[in-house]
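Numbering (the working numbering), first residue to last: 16 to 387.
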Ligand code: SAM
Ligand code: SF4
Ligand code: SF4
């Protein structure tokens with residue numbers, strides 16, 4: 016088979032436009048379905064559990080996720096075999112990156128077994144699939160080596176402050192900063208690098224920690240990313256005044272540690288990158304509220320119970336588990352996923368930014384369920 020040149024920055028994709036149509040069918044080269052806004056299905060976030068050992072006030076507030084909260088029964092949770100099957104089918108239809116999330120993914124028993132199964136997947140062009148994980152880091156020190164050995168490529172650790180009092184007030188279970196830092200170190204030691212650290216900035220809660228966090232991770236090789244606090248779900252009482260715009264985050268750091276912009280590595284990169292002028296590495300800012308990136312959003316999400324969502328702010332999903340357990344063939348599953356993606360119109364954050372009417376309040380899915 017003769018293929019055209021590979022575009023820079025995205026080695027796993029051959030641009031159908033540069034493939035000679037007389038030689039090869041472009042759809043066979045890039046099988047990704049494209050939605051109504053021209054976005055291909057490329058990334059898959061899989062939530063492996065709806066449970067968590069933290070109760071972050073902006074994600075799983077205790078008054079909603081208290082002792083009497085009912086989590087999914089085991090029978091409704093996708094098994095590793097079911098997850099791997101869906102992932103394999105999705106990879107055959109264009110998915111290039113898989114991120115395991117939750118809830119807290121490290122609470123899922125034997126997670127390295129799933130990582131091993133997923134890391135064996137290859138794209139139609141024979142490229143390995145990028146396997147990443149987002150975790151609160153609480154159990155990372157114990158599990159980093161096994162995850163790495165199982166084939167995990169990258170890890171993102173969420174950490175909202177270096178100050179115990181602030182961090183404990185945000186995770187709401189009294190979990191200390193030092194244990195998360197130990198998890199980050201363990202990840203680095205086993206080679207899960209570059210480790211990324213996500214800090215959700217909430218004005219009046221942890222915005223005083225922006226510069227201390229930047230100072231702490233500068234020069235370490237860890238990439239710190241500041242995330243604008245979002246109105247995901249309906250339980251966190253989100254208010255726009257709580258959002259610290261990324262431009263303000265950059266200005267606050269730049270005032271004490273001068274920064275310069277780094278050009279995006281690939282079109283549609285969700286994080287804008289900045290580097291320290293003194294060579295101390297880089298940071299990222301994810302402006303989900305002030306500079307929505309829906310136009311480049313290529314993410315599909317599968318919740319713990321096997322529902323496919325095409326947006327973090329979705330009010331409804333599509334039942335893949337019913338299809339899987341109802342005996343659908345691989346082809347039927349692939350066609351169902353592709354049809355759902357082709358019908359996708361989502362642009363919630365852009366509509367929010369443009370002050371257009373949003374999804375009816377009371378119906379959006381919670382982050383810990385859909386997978387952050
Ligand atoms: N438990 C893991 C963790 O905390 O990393 C994975 C799941 S968590 C839902 C994924 C990411 O979503 C975390 O980085 C978390 O800080 C972020 N997140 C949760 N609620 C958010 C919100 N309302 N706005 C912005 N980010 C949020
Ligand atoms: Fe748990 Fe992560 Fe949500 Fe915090 S952000 S409550 S760690 S799922
Ligand atoms: Fe993607 Fe939905 Fe977020 Fe827009 S709002 S970037 S479509 S997940």
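Glycine is no exception: its CB is placed at the ideal position from the N, C-alpha and C atoms.
- Residue nearest to residue 344 within the set 104, 360, 328 is 104 (criterion: CA-CA distance).
- In this structure, the CA atom of residue 354 is about 8 Å from the CA atom of residue 48.
- For residue 154, no beta strand (DSSP E) run applies, since DSSP gives it neither H nor E.
- Short of 7 Å from the beta carbon of residue 285, and not among the five residues preceding or following it, lie these beta carbons of its own chain, in chain order: 301, 308.
- With distances taken between CA atoms, residue 247 lies nearest to 328 out of 203, 90, 328, 224.
- In the DSSP annotation of this structure, the continuous segment of the alpha helix (DSSP H) that includes residue 363 starts and ends at 363 to 368.
- The C-alpha of residue 216 is placed about 20 Å away from the C-alpha of residue 117.
- In the three-state reduction of the DSSP assignment, residue 228 falls in the helix class, which pools H, G and I.
- In this structure, ligand 1 has a non-hydrogen atom nearer than 7 Å to the beta-carbon of residue 247.
- If you draw a straight line from the Cα of residue 218 to the Cα of residue 332, it is about 32 Å long.
- Sequence-distant partners of residue 161 (beyond 5 residues in either direction) whose C-beta falls short of 6 Å from its own C-beta, in its chain, are 127.
- For residue 194, there is no enclosing beta strand (DSSP E); the enclosing alpha helix (DSSP H) covers residues 192 to 204.
- Between residue 93 and residue 322, the alpha-carbon positions lie close to 10 Å from each other.
- Of the other Cβ atoms in all chains shown, fewer than 16 fall within 10 Å of the Cβ of residue 223; this residue is therefore exposed.
- One Cα belongs to residue 107, the other to residue 240, and the distance between them is close to 31 Å.
- Residue burial is scored here from C-beta neighbours: residue 90 has fewer than 16 other C-beta atoms within 10 angstroms and is therefore classed as exposed.
- For ligand 2, no non-hydrogen atom lies closer than 7 Å to the CB of residue 328.
- Pairing residue 360 with residue 180, the inter-Cα distance amounts to about 42 Å.
- Taken in chain order, the whole alpha helix (DSSP H) runs of length 4 or more contained in the region 238 to 269 are 261 to 269.
- In the three-state DSSP reduction, residue 173 falls in the strand class (E or B).
- Note that the C-beta distance between residue 199 and residue 212 is below 8 Å.
- Beta-bridge annotation (DSSP): residue 214 is paired with 241.
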